[in-house]
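Counting in numbering that gives the first Met the number 0, the sequence shown runs from 0 upward without gaps. Glycine included, every Cβ here is placed at the ideal spot set by N, Cα and C. Model, not experiment: these values are computed from the prediction. Here the structure is laid out as structure tokens; the discussion comes afterwards.
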Amino acid sequence: MRQDYYQEYYHLERKNWWFIARKKILSDQVQKLFQNKKDLKILNVGAALGASTIMLQEFGTVTSLEYNKECCEFVKKELGMDFINGSITELPFNDNEFDLVCAFDVVEHVQDDSLAIKELHRVCRPGGYTFTTVPTFKFMWSEHDDINEHVRRYTMKNYLTLFNIKNTSVHFKSYFNFWLFFPVAAFRVVSSFLKGNKKPDEIKSDMGKINGGVVANVLKNIFESETHFLKRNVRLPVGVSLMVISKKN
Numbered sequence: 000m001r002q003d004y005y006q007e008y009y010h011l012e013r014k015n016w017w018f019i020a021r022k023k024i025l026s027d028q029v030q031k032l033f034q035n036k037k038d039l040k041i042l043n044v045g046a047a048l049g050a051s052t053i054m055l056q057e058f059g060t061v062t063s064l065e066y067n068k069e070c071c072e073f074v075k076k077e078l079g080m081d082f083i084n085g086s087i088t089e090l091p092f093n094d095n096e097f098d099l100v101c102a103f104d105v106v107e108h109v110q111d112d113s114l115a116i117k118e119l120h121r122v123c124r125p126g127g128y129t130f131t132t133v134p135t136f137k138f139m140w141s142e143h144d145d146i147n148e149h150v151r152r153y154t155m156k157n158y159l160t161l162f163n164i165k166n167t168s169v170h171f172k173s174y175f176n177f178w179l180f181f182p183v184a185a186f187r188v189v190s191s192f193l194k195g196n197k198k199p200d201e202i203k204s205d206m207g208k209i210n211g212g213v214v215a216n217v218l219k220n221i222f223e224s225e226t227h228f229l230k231r232n233v234r235l236p237v238g239v240s241l242m243v244i245s246k247k248n
């Protein structure tokens, strides 16, 4: 994440319709996995500015790791949370340590994504789960990817190749943000075509273009409604993002 963007991202994580709806979907998936357990040992990798950690605390004790040192310092100041400053490709934890290992929209930032997935599974205990999400489809690359310093976007097929790891099985996989996929894709393709050669400080994420009001509430409800399908293991055929929950056997 570009340094001049993370303070804006702090507020987006808490107020933007996309983040609110995604939080509901992710929380429901964790609830589905572990039912009523509230004593899990959880690792949240790429914890950014704390919203996902707060969500996961409902299910147990959360250890948060974040690569961006400035984010760690910001969260310490704003929320009093102690994040570990470290890398997903070199996790500072023992093997088989956590019941649930999460990395929400993190792997796309990493050059060695195969090593990143292996590290997540290394620190996951046998019988536990890793839960990752990533953005989809290279043709949807936009200023949002630039400002967040993404390395790539994925299809389900090429993302699943990262999970060919010993003693690992894919428990659930699906695209999500399906209903809004086609208008979002169209907007980003057109925006990328029209943006021209912008200077780095002129690049803005499209994430905060709609904040609050009737339109944002409608979009939130549309996106959030997908949880009713995903909780029932219905796989959505396409989406702005994808999720993979894998089990360490």
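Alpha carbon to alpha carbon, what distance is there between residue j and residue i?
{"i": "V77", "j": "D104", "result": "One point to set straight first is that residue 77 is Glu, not Val, in the sequence displayed. When rounded, the distance between both Cα atoms is 22 Å."}
{"i": "G49", "j": "V188", "result": "31 Å"}
{"i": "F181", "j": "M139", "result": "11 Å"}
{"i": "I53", "j": "F162", "result": "27 Å"}
{"i": "P91", "j": "V214", "result": "43 Å"}
{"i": "N216", "j": "Y153", "result": "28 Å"}
{"i": "M80", "j": "M155", "result": "34 Å"}
{"i": "D38", "j": "A185", "result": "43 Å"}
{"i": "F136", "j": "S51", "result": "24 Å"}
{"i": "V109", "j": "P125", "result": "25 Å"}
Along the chain, where does the alpha helix (DSSP H) that runs through residue i open and close?
{"i": "L218", "result": "G212 to E223"}
{"i": "N157", "result": "M155 to L159"}
{"i": "V189", "result": "F180 to L193"}
{"i": "S26", "result": "W16 to F33"}
{"i": "H55", "result": "Residue identity check: residue 55 is Leu in the sequence provided, not His. Unbroken alpha helix (DSSP H) run through L55: A50 to L55."}
{"i": "I146", "result": "E142 to I146"}
Within a Cβ cutoff of 8 Å, which residues of the same chain sit near residue i, ignoring the five residues on either side of it in sequence?
{"i": "E201", "result": "Caution applies to E201, whose pLDDT of 48 falls short of 50 and renders its modelled position unreliable; the model cannot decide the point."}
{"i": "Y128", "result": "L32, D98, L99, V100, H170, I244, S245, K246 and K247"}
Starting from residue i and walking both ways along the beta strand (DSSP E), at which residues does that stretch end?
{"i": "P134", "result": "C123 to P134"}
{"i": "I244", "result": "S240 to K247"}
{"i": "H170", "result": "T167 to F175"}
{"i": "L229", "result": "Looking at the DSSP string, L229 is not in any beta strand (DSSP E); the run it does join, the alpha helix (DSSP H), is T226 to L229."}
{"i": "I164", "result": "Element bounds for I164: n/a, residue is neither H nor E."}
Is there a Cβ from chain C that is less than 8 Å from the Cβ of residue i?
{"i": "N35", "result": "Reference to chain C is not applicable here, since this structure consists of a single protein chain."}
What residues in its chain sit with their C-beta under 6 Å from that of residue i, if we drop five residues either side in the sequence?
{"i": "Y174", "result": "L235, V237, G238 and L241"}
{"i": "R121", "result": "D94"}
{"i": "Y66", "result": "S86"}
{"i": "E96", "result": "V122"}
Could you pull out every residue in the same chain whose Cβ sits closer than 7 Å to the Cβ of residue i, ignoring the five residues on either side in sequence?
{"i": "S141", "result": "R187, S190, S191 and D205"}
{"i": "I221", "result": "W178 and L179"}
{"i": "D111", "result": "T88"}
{"i": "R151", "result": "E107"}
{"i": "N232", "result": "F171"}
{"i": "T226", "result": "K23, I24 and D27"}
Check your understanding: Hey, which unbroken runs of the beta strand (DSSP E) at 3 residues or more fall wholly within the stretch 65 to 132?
Key -> Qualifying beta strand (DSSP E) stretches, in chain order: 97 to 103.
Exercise for review: Report yes or no: do three or more beta-carbon pairs, one from the stretch 121 to 134 and one from the stretch 22 to 34, lie closer than 8 Å?
Suggested key: Touching, yes, given that three or more Cβ pairs across the two stretches are closer than 8 Å.
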